[in-house]
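Undergrad: First to last, the protein sequences are chains A and B. Mapping to our numbering: the first sequence position 152 is 152, numbers consecutive. Mapping to our numbering: the second sequence position 324 is 324, numbers consecutive. Don't be surprised by glycine CBs; every beta carbon is placed ideally from N, CA and C.
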Amino acid sequence: MHLCIVGGGSAGWMTAAGLAKKFENTALTITLVESEEIGTVGVGEATLPHIRFFNQTLGIDERDFMRKTKATFKLGIEFVNWGRKGQRYIHPFGDFGPPIQSIDFYQHWLHAQQQNQDVGALSDYAYGIVAAQNNKFAMPKGDSSDITNAFGYAYQFDSILYAKYLREFAEERGVNRVEGKIVNTSLCEQSGNIHTLSLESGQCISADFFIDCSGFRGLLIEQALHSGYQDWSRWLPANSAVAVPCESAGELGPYTRATAQDSGWIWRIPLQHRTGNGYVYCNDFISDDNAKDTLMGQLDGKALSSPRQLRFKTGRRNQFWKNNVVAIGLSAGFLEPLESTSIDLIQSGITKLIELFPELEDASKTTVAGEPSAYKLNHFDMDEYNAQMSLEYERIRDFLLLHYVANEKDDSPMWQYYREMELPQSLEDKLDAWLHRGYIQRYEIGAFLPPSWVAVMLGQNLTPKNVDPRVQNTEAKYSLEVARNMRKRIHEGSQQAQSHAKFLEHYLGLNTLGNTQ
Amino acid sequence: MKIVIYGNSIAAYLSSIALSKALDEGSKVSLILPKEQSQSDMLYGGSTSPDAYDFHLSLGISEPELLLKTNSAFSFGTHYSNWTDKQLRWVQAFNLPFPSHFGAEFHQILLQQKENLQDYLFGAQASLQGRFAHPPQNKPALPLSRAEYAYHFDAASIASFLRERVSQSKVTVHSAELDSVELTQNKTSVKSLRLHTGETINADFFIDCSGSERKVIAKLQQHADCAFEVKSNMYFSLEDRDIAESPRPCISATGHQSHWQCEVPLQNKRQLLRVSRQTFANAEAFQLGHSAKAWLGNCVAISHAAALLSPHSNASYRLLKRDIERLLELIPIHSDMDMERKEYNRRYLLDVDHAGIFCDALFDTRQKLDKDEMPATARAQDNRADALLNRKIEQFLNRGLLVNYDLEPFNLEDWSIMHCGMQREPRRRDSLCSSLNQNTIALELNKMKEAISILVPKVPPCDAYTVKYKEYLKKKS
Chain A
1 MHLCIVGGGS
11 AGWMTAAGLA
21 KKFENTALTI
31 TLVESEEIGT
41 VGVGEATLPH
51 IRFFNQTLGI
61 DERDFMRKTK
71 ATFKLGIEFV
81 NWGRKGQRYI
91 HPFGDFGPPI
101 QSIDFYQHWL
111 HAQQQNQDVG
121 ALSDYAYGIV
131 AAQNNKFAMP
141 KGDSSDITNA
151 FGYAYQFDSI
161 LYAKYLREFA
171 EERGVNRVEG
181 KIVNTSLCEQ
191 SGNIHTLSLE
201 SGQCISADFF
211 IDCSGFRGLL
221 IEQALHSGYQ
231 DWSRWLPANS
241 AVAVPCESAG
251 ELGPYTRATA
261 QDSGWIWRIP
271 LQHRTGNGYV
281 YCNDFISDDN
291 AKDTLMGQLD
301 GKALSSPRQL
311 RFKTGRRNQF
321 WKNNVVAIGL
331 SAGFLEPLES
341 TSIDLIQSGI
351 TKLIELFPEL
361 EDASKTTVAG
371 EPSAYKLNHF
381 DMDEYNAQMS
391 LEYERIRDFL
401 LLHYVANEKD
411 DSPMWQYYRE
421 MELPQSLEDK
431 LDAWLHRGYI
441 QRYEIGAFLP
451 PSWVAVMLGQ
461 NLTPKNVDPR
471 VQNTEAKYSL
481 EVARNMRKRI
491 HEGSQQAQSH
501 AKFLEHYLGL
511 NTLGNTQ
Chain B
1 MKIVIYGNSI
11 AAYLSSIALS
21 KALDEGSKVS
31 LILPKEQSQS
41 DMLYGGSTSP
51 DAYDFHLSLG
61 ISEPELLLKT
71 NSAFSFGTHY
81 SNWTDKQLRW
91 VQAFNLPFPS
101 HFGAEFHQIL
111 LQQKENLQDY
121 LFGAQASLQG
131 RFAHPPQNKP
141 ALPLSRAEYA
151 YHFDAASIAS
161 FLRERVSQSK
171 VTVHSAELDS
181 VELTQNKTSV
191 KSLRLHTGET
201 INADFFIDCS
211 GSERKVIAKL
221 QQHADCAFEV
231 KSNMYFSLED
241 RDIAESPRPC
251 ISATGHQSHW
261 QCEVPLQNKR
271 QLLRVSRQTF
281 ANAEAFQLGH
291 SAKAWLGNCV
301 AISHAAALLS
311 PHSNASYRLL
321 KRDIERLLEL
331 IPIHSDMDME
341 RKEYNRRYLL
351 DVDHAGIFCD
361 ALFDTRQKLD
371 KDEMPATARA
381 QDNRADALLN
391 RKIEQFLNRG
401 LLVNYDLEPF
411 NLEDWSIMHC
421 GMQREPRRRD
431 SLCSSLNQNT
441 IALELNKMKE
451 AISILVPKVP
461 PCDAYTVKYK
471 EYLKKKS
C-alpha cells in the first residue's frame, strides 16, 4: 500500500513517524508532501502527559528529544483571572489526594471546609501543583502510593522543532519527503476516492490512501471531498489568534499559563530558549489591532518576531475519515488550545488510525479501467474511526466550555455572551450535578477525567451546596489527620525537589537556563 | 433521611448492609422483610462477578466468612457446551488483562497465529481439569496470577447469611408483609407502605428490592408512563443434586434441544437451573426485561426489581453490584432528589444496555460478515441496545476490533474470550500483526501455553483445596 500524507507540520510528521514505526518492515510505503512556501501553523507548544506514551512507542530518548526541541517540563496549566480577576489556580496532571474510606478526597475536603476546619486549599494536596507553584520539578518515581509521586507530567516544546525531529525519525525509517505545492487533486469518478495529487512542479503523486494534515483549509477532506463541518462557534466563538515569541524572563516555571482577558485569553508557554505567547479571541469582541496591542503589552520580555495572525472556526469535520482520506490535526477540526489539546488530538487520531488501519496488501485489489489504483476501503473502519473521534472532540469541547461558563464574570461583551448562552445538555447536567453535591459524571473515554473537572470547577469558585453524605460517616479526626500528614509530605517533598531550571540543566546537560535561583 | 428498603432478597440484604455501613447515625435505615424470599433470586444464575471479593469486603464481608458460613464455592468462570445451534464449547473464564508487549493486541496475535485463546487462560484449563488455587498477588510471572475468580452461591444459603448480618447492623428490621403502597397526591412519589400488621411506614426514600414482583415501584410505574419493558417470557426451575464426584470450579452451561441449563457446583451439593421458552413441570414463569427508569419519584428499584436478565451469564450479579454502588454515590441529601434521580437513571440505563448486550451476544451466532455487508450504522437499527451490540459484533467480525464503551460491566477480556468462544472469525487480520516477527511470537506463545499446561495438573483438585483452605481458616480463627 502506498500512503501519502499531505502537510508537514506537527500533524504530518507525527503521523509519518507513528505509521513508519508501527508498520516498519511491511508493505506500507509513505510519501509526505509539504511546501516550504505554505509553511505550518506550528500548533500546540504545550502538551498533555499522553505525549510521553507516543514518544515512548516510537522509542525516542527523552533527553535527546528535549534537547532538540528546547523542551521544558509541564506539571499543569495555571489559569489566571478565570474565576474572577486577580484569582489563579493550577489544573494539574494528577489527582487531589487519595480517597479516604473509598470516598474521593475532595469530598472530605469540601466537608471539612463546610465545617470551618483549617484544611487549607485543595491545591495543597496535589504534589504537581505545589511543585509548580514553587517552580520545582522532580521525576515521579515508581511508587505511586507515595503522594509525592502521584502526578503526571508533559512537555512544553517548540512544535516546529518537534516536527523537524520527527521528520528525521520518519525519513530514517523510509518516509519519502516531497517538497512542493499541491495545485490539483483528481478523484476516481467511480469510487470518489482521491488518486492523484498534482504539484506545481508538474509532478504527480498517486496513492491508495491519503492523510490530510494540510491544516485549517482541509485540502483533501474538505476542498476535494466536501466532508462538511460542524460549526461549534455558538459555544466557543473565538475565531482568531495572534502569536508572538519573546525572550525568557524570571524563573522557569514548569507550567503553561492561560490568562483570561475581556475578549479571550492569553497563553504563555515557557521553553528553554524563549517564551511562546498568544492571544485567542473572537473578533466580534475585539479588533485584531487591539488584540495585538494587548498581547504585546503583556509579554515577559522582548518580542523575538512580529506577531503572527491566525484565523479559525471552532468545530469538527462531519467525517474525519471519508473515502480514502483521513484528516488529522487542524484539517480534522479546531478546538482552542486552552487545555493544550491540539497535539493530543493529533496523537489520538494517529492511535485510532493505527488501530483501524486498512489492509496493507489487498489480494482482491481490482483495477478500475483508467485508474491506477482502486484500493478496497472498509466502511466498518471508517464508521468506527469517525464515531471514536467525534466523541473525543465533543468531550473536549464541553471541558473547554466549562472554563468560560464556570464563573460569574459579566464585565465585557464576551463574558456577557457566555452568561446568556444555552449550554450543551451534556455540560448542563455535569454542572448541575457538581453544584448540587460535588458529584462528577465519570467517563472512561476522553482526555479529561474527574480530577480535571474538579480542578477547574473548584478553581473557578463553583462550590457545591452539599457534599456526598457518606463523608459524614468518617470520623472527622481521622480524615483531618490524614489530610494534615498528606500536606506535610507534599510540602517536604516539594522543598527537597530542585528548581525546574536546575533539574533541566542536570537532566539534559545544559548550560544555565534563564534566571535559575 | 429516613430510608425504607422493602424485600426479602439478596438485593435487599446487600442494600441494607451497604447503606448502614455508608451512612452515619443521622440516617435511619429500615428493612421491611416479607416472609418468602424472592423467587427471582434464582435468576442470578448462582454466580458472582470476579470483583465480588472486593465488593464483599467493602460491605464488611470477608471471604473466610463466606466460605465457612455458606456453601459458596470458588469459580473460574462458566463452561459453555453444546451452546446454541452451532454446538459451541468454551470456558468463559475470568482473566486479568492479556499481555500487551507483543506490539498488537493479544487476541489479534492469536488470531494471526491461528491459536486458541482457551489454551492461554489458566482459569479455563484449570476449570476443565477441576482444579483451583488462589491466584497469587506477588508472583506476576506465574500463569495462575493472571486468573481471576468469583464465587458460586446458593441463593437461599447466601440470603440466610446476609440476613444474619443485617440483624447485626444498625438497620431496623420489620418482619411483615406489604399490604399496599400509598402514593403522594400527585402520584409521583411513595408516601408510605401499609403493612399487613396494620402499621404504616413513612419514609423520605424507598428502595424496592422485591425482585421480579416490583411491589413498590410498580405502583409508581402505573402513573409515570414508564412500564417494565418485557423482552421475553421464560420458564425456570431450580433443583438440588448431590455433589459431583470431581466438582469443577466453574458453572456448566449446557444447551439442549428445547432448553438450556446451568449446573452450579457448591460445597455440599450442585444446583441445576433449567431455563426454557416453553413451560415444563415445576417451572416458574418470569418476564425478562427492564424498566427505562429504575428511580421514580422517591423510590429506586434495585436489581431484579429494575432489570431481569437471562441467567446464562453473571450479568445480573454485575448489575446488582453496580446498582448498589450507584445508589451509594447518589444517596439523596434531601427531598429534592431531581439531580440524583436523573443521574442514577442515566447510569442505570447504560449499565443495563451494556450488561444486556453481553447476554445477547452469547446467543448471537453471527460468525462471519457477508462479503459485501455494510455496517449496521448504514441501515435502520431497531433500538439503542441493538445498535450497541451490532457495533461490538460487526467490528470484531470485520477485523477483530474490540469496541469499548464507557465503564462497561464486562471488560474487554470478557468480550475477547466470548468472541473467540463463539467462534466469531474476523474477515481480516489486524494490520499491525504484519510487521511482527511471527517465529519469535510463535516461540513465546508456545512457552506461555506450556507453562499453563505444566502448572494446571500441579494445582490441587478444587474440592480438596476448599476443604484444606477451610481447615486452615478454622485453625486460624
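1) What are the complete alpha helix (DSSP H) segments, minimum 4 residues, inside the stretch 383–458 of chain B?
2) For chain B, is any of its Cβ atoms less than 8 Å away from the one on A/H436?
3) Please report the straight-line C-alpha distance between B/D463 and B/A73, rounded to a whole angstrom.
4) In angstroms with no decimal places, state the Cα-to-Cα distance between A/A126 and A/L402.
5) Within the continuous beta strand (DSSP E) that includes B/V4, where are the two ends?
6) Could you name the residues of the stretch 377–403 of chain B whose beta carbon sits closer than 8 Å to any beta carbon of chain A, in the order they occur along the chain?
7) If you check the beta carbons only, do A/P254 and A/H500 fall under 8 Å apart?
8) Provide the residue(s) that pair with B/S77 in DSSP beta bridges, ordered along the chain.
9) On the three-state DSSP scale, how would you describe B/S124?
10) So what does DSSP say about B/L33, is it helix, strand or coil?
11) With respect to the beta strand (DSSP E) encompassing A/D212, which residues constitute its N-terminal and C-terminal limits?
12) Which residues of chain B have a Cβ atom closer than 9 Å to the Cβ of A/K22, listed in chain order?
13) For A/C204, is the classification buried or exposed, using 16 other Cβ atoms within 10 angstroms of its Cβ as the cut-off for buried?
14) Comparing the C-beta of A/D432 with each C-beta of chain B, is any distance below 8 Å?
15) Strictly by DSSP, which residues pair up with A/T196?
16) Does any residue of chain A bring its CB to less than 8 Å from the CB of B/S58?
17) If I follow the unbroken alpha helix (DSSP H) through A/W434, where does it start and stop?
18) Can you check DSSP and say which residues form a bridge with A/N485?
19) Would you mind listing the alpha helix (DSSP H) stretches within the stretch 375–423 of chain A that are 4+ residues and don't spill past its ends, in chain order?
20) How would you label B/L443, buried or exposed, when you count the other beta carbons within 10 angstroms and need 16 or more for buried?
21) List in chain order: all unbroken beta strand (DSSP E) runs of 3+ residues lying wholly within the stretch 90–161 of chain A.
22) Taking the CB atoms as reference points, tell me whether B/A133 and B/L328 lie closer together than 8 Å.
23) Name, please, each residue of chain A whose Cβ falls closer than 7 Å to the Cβ of B/D406.
24) What ranges does the beta strand (DSSP E) occupy inside the stretch 208–267 of chain B, keeping only unbroken runs of at least 3 residues that lie completely in it?
25) I want to see whether chain A comes within less than 8 Å of B/P247, judged by CB atoms only; does it?
26) Using a Cβ-Cβ cut-off of 8 Å, state whether A/E384 counts as contacting chain B.
27) May I ask you to report which of helix, strand or coil DSSP gives B/C462?
28) Let's see if you can read the secondary structure: which residues bound the alpha helix (DSSP H) around B/Q278?
29) A/S519 to A/N81, Cα distance in whole Å?
30) Quick one: residues in its chain with C-beta nearer than 7 Å to the C-beta of A/S373, no 5 flanking neighbours on either side, listed in chain order?
31) So that I know if they touch, is there some Cβ in chain A lying closer than 8 Å to that of B/E413?
32) For A/W265, write down the residues that DSSP places opposite it in a beta bridge.
33) Among B/R427, B/D430, B/I417 and B/S313, which one has its Cα closest to the Cα of B/F122?
34) Who are the near neighbours of A/E37 in its chain, counting only those whose CB is closer than 8 Å to its CB and skipping five residues on each side?
35) Given that B/I331 touches chain A, what residues does it touch there, using C-beta distances under 9 Å?
36) Name, in chain order, the residues that DSSP records as bridge partners for A/Q498.
TA: Short version:
1) 384–399, 412–421 and 438–455
2) yes
3) 9 Å
4) 21 Å
5) K2 to Y6
6) T377, A378, R391, E394, Q395, N398, R399, L401 and V403
7) yes
8) Just to set this straight, residue 77 of chain B is Gly in the shown sequence, not Ser. DSSP output for B/G77 lists B/A93 and B/C250 as bridge partner(s).
9) According to the sequence provided, residue 124 of chain B is Ala. The question's Ser does not apply to it. The answer is helix: DSSP assigns B/A124 an H, G or I state.
10) strand
11) F209 to D212
12) G103, S431, L432 and S435
13) exposed
14) yes
15) A/S186 and A/S206
16) yes
17) Q425 to R437
18) None; A/N485 has no bridge partner.
19) 379–405 and 413–419
20) exposed
21) 154–156
22) no
23) Y443, E444 and I445
24) 228–241, 250–255 and 259–265
25) no
26) yes
27) helix
28) Neither: B/Q278 is in no alpha helix (DSSP H) and is coded neither H nor E.
29) Past the boundaries of the shown model lies residue 519 of chain A; chain A is included only from 1 to 517, so the question cannot be answered.
30) Here the model assigns A/S373 a pLDDT of 44, short of 50, so the residue's position is not dependable, and the following value carries that caveat. Here the set comprises H195, S206 and D208.
31) no
32) A/A260 and A/V280
33) B/I417
34) K181
35) D468, P469 and R470
36) A/F137
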